[in-house]
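In mature numbering (1 follows the signal peptide of the UniProt record, and there is no 0), the protein residues as written are -20 to -1, 1 to 72. Below you'll find the structure, written out as structure tokens, and then a few comments.
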Amino acid sequence: MKRTIPLILMLLLVCGATQAQKQYSISSPDGRLTAEVTVGEQLTWSLSHDGAQLITPSPVSLPLANGEQLGPDARVRRVKQQSADETIPSPF
């Protein structure tokens, strides 16, 4: 019993930490290119093509002139889901 209580507390802490992070993704129309943004203690993004990771999760932050830093402990205010099927002509 003495070992059970600390084990349960550790499991609850781990579950709480993983639930605090939210993951959002956006895909190309053919589904081959996917960008993922994870919001939690740190704001990160990654990019994959056909399931192969091109860019590993990388932190996103922006230091301001007043010393404040945007990125850590970010929160999502609202999510809007939509789809688009457009072609952007190449300027080259």
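Glycine is no exception: its CB is placed at the ideal position from the N, C-alpha and C atoms.
Taking the CA atoms as reference points, residue 1 sits about 19 Å from residue 35.
With respect to residue 23, residue 51 sits close: the two C-beta atoms are nearer than 9 Å. In chain order, 15 place their CB closer than 6 Å to the CB of residue 6, counting only its own chain and leaving out the 5 sequence neighbours on each side. In its chain, beyond the 5 residues on either side, 49 have a beta carbon closer than 6 Å to the beta carbon of residue 43. Under the three-state reduction of DSSP output, residue 35 falls in the strand class. Annotation: the continuous beta strand (DSSP E) that includes residue 15 extends over 13 to 19.
In the structure shown, residue 43 falls within a strand segment according to DSSP collapsed to helix, strand and coil.
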